[in-house]
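Add 694 to a position in the sequence shown, counting from 1, and you land on the number used in the working numbering.
Just so you know, even glycine gets a beta-carbon here, dropped at the ideal spot from N, CA and C.
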Amino acid sequence: MLKVLFIASECDPFAKTGGLGDVVGSLPLALRKMRIDARVIIPKYGNIPAEYKKEMIHKKTLTIPVGWRNQYGGLEILDVMDRDGVPYYFLDNETYFKRDGLYGYYDEAERFSYFCRGVLECIPYMDFEPQILHCNDWQTGLVPLFLKEFYKDKPLYEKMKTVFTIHNLKYQGIFPMEVLNDVLGLDQAYSGYEGIEFNSNVNFMKAGIVSSDMVTTVSKTYSQEIKLPYYGENLDGLLRKYEDKLQGIVNGIDYNKYNPETDPHIYVNYRSSITKKEQNKAKLQEDLGFPIENVPVVAMVSRLTSQKGLDIFVHILEELLSLDLQLVILGTGDYKYEQILRNAAERHPQKMRALIMFNEDLACKIYASSDLYLMPSLFEPCGLSQLIALRYGSLPVVRETGGLQDTVTSYNEKTGEGNGFSFTNFNAHDFLHTIKRALSIYNDHKSVWNKIVKNALKSNFNWIGSAKKYQQLYETLLSDQADERDSSPSKILRIG
Ligand code: ADP
């Protein structure tokens, strides 16, 4: 049986700030259904819910090297049977991880360098010998580097292959050069120095790209875009250099978790009934204190950052609010956007709510109750929110970039195809125009609207197709290894 260890800084339902947590929470489940022994390791953060913490079993106490220091490491395990038996491992060190939230501390380089080294130290005690280490984003970028540098000669590790998945190229983990020696325990004479050096700093994401056997990103379009300067975040040259090992595999979502038929968070469960969806809308209008009337409810559930297209969104906000609709925004992020949205909501109490918080229960209610879902991203590696919106029959309005381009097809009047609406350029009035186009269908052509909602509900972005692509990738990596062995001099010698 193929054995894969997912290494990540987030995993739903233990710790999540965005799409990474969703993916690490759901892809291993899908792989296990395909008889792959997929397991997960994340840091044991202080704010993992107590119900999980109390079930964790301490497996081993270890010493983890961090530069010139040795730090405590505790390997804990949790078997969650109601999640199809994925074994979850947690690396415990309260100094590094018992803090509020997941990220944003002064010692991020040390915390995640410790985590990467710690995962490799834990492997002998997992009762599990992974063939593939599947790393995710910059927080785990040092795993392939450390594997090569410190572990490759040990029998347990020598055949291990690494996959590095870029969920968002914008966040790279760039730190001052001192970190190289002080935290990683390497120096500038180190043979792989070029693979981590970046404008005289160290770059954890670069290390992941250079040192891993295979690099993936979370949609086909994004895997092409990041080779261009506009999307490449200064790593486009590097990605062009390594394009032979770069592949795009679109994310799915957990169709059991996000299921309007069974979702316990929403007001009225439904499969394809427009009437029941409207009942959800009336309840949300009531909860939010909006007039309960048949106007389109337009929604956004998002980090409030420039990536998510907030600049063009706030640019057209007043014009949008002059239309006959109700607008609900759920999100947290940059203070300037939070303030603009709060102010607009205060000025338009009958039409707009700005819910500045992270709340998964409300998020589900909003997906289920809204008619139109806005995602005008500047760039979007994959995007899960539009997939959740489709699943709940809220029609996405997206900019054609990254995963949005790969998952949303703009409604085509001639063919009747399409599950949403899209626009090409990052332009505020193109965005507004596209929203108006959608609203005119909602207001004047209800049967067409209902047809597009049905198309959205029929779109299929569960994990099955993409999990098969990951399986192929793992198998290819392991068969390459077998090929290498067959033609290696030692093998020839032995035969001779
Ligand atoms: P990203 O990972 O870039 O933030 P994605 O669209 O890939 O964006 O994933 C975002 C995930 O986080 C979705 O599951 C979305 O519903 C959820 N989310 C974002 N903001 C909030 C919020 N304020 N409250 C609850 N869930 C949120």
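Three-state secondary structure (DSSP) of Y782:
strand
Taking 7 Å as the line, does the beta carbon of A1026 fall inside it for any heavy atom of ligand 1?
What sits at residue 1026 in the sequence shown is Thr, not Ala. Because some heavy atom of ligand 1 lies under 7 Å away, the Cβ of T1026 counts as near it: yes.
Can you find a heavy atom of ligand 1 that lies under 7 Å from the Cβ of S720?
no
Pick out whichever of R733, I1023, D881, N1119 has its Cα sitting closest to the Cα of G779.
R733
With a threshold of 8 Å between beta carbons, is H1042 in contact with chain D?
The chain inventory of the structure shown lacks chain D, comprising one protein chain alone.
Spell out the partners DSSP gives Q765 in its beta bridges.
I758
Taking Cβ to Cβ, would you say K853 is nearer than 8 Å to Q825?
yes
Let me make sure I understand the geometry here. Which of C1076, R729, F844 has the alpha-carbon closest to that of S905?
F844
In angstroms, rounded to a whole number, what distance separates the CA positions of G1190 and Y851?
Low local confidence applies: a pLDDT of 26 at G1190 is under 50, so the model's placement there is unreliable, and no value is given.
Tell me, which residues are paired with P891 by DSSP?
The amino acid at residue 891 is misidentified as Pro; the sequence shows Glu. Its beta-bridge partners are V896.
Taking its Cβ as the centre, do 16 or more other Cβ atoms sit within 10 Å of M695, making it buried, or is it exposed?
exposed
Buried or exposed: N1037, going by 16 or more other Cβ atoms within 10 Å of its Cβ?
exposed
Helix, strand or coil for D716, going by three-state DSSP, please let me know.
helix
Residues near V760 in its chain [Cβ-Cβ closer than 8 Å; skip 5 each side]
E804, S807, Y808, R811, V877, G879
Inter-residue spacing [alpha-carbon to alpha-carbon] between L874 and V896:
7 Å
So, for A709: in the same chain, excluding its five sequence neighbours on each side, which residues have a beta-carbon less than 7 Å away from its beta-carbon?
G715, I736, Y739, I742, L796
Rounding to the nearest angstrom, what Cα-Cα distance links L1068 and L756 in this structure?
47 Å
Would L1024 pass as a contact of L978 if the rule is Cβ separation under 8 Å?
no
Given 8 Å as the limit, is there contact between the segment 1151-1168 and the segment 1048-1065, that is, 3 or more CB pairs closer than that?
no
Measure how close the beta-carbons of L1081 and T1101 come, nearest whole angstrom, since I'm counting them as under 8 Å.
6 Å
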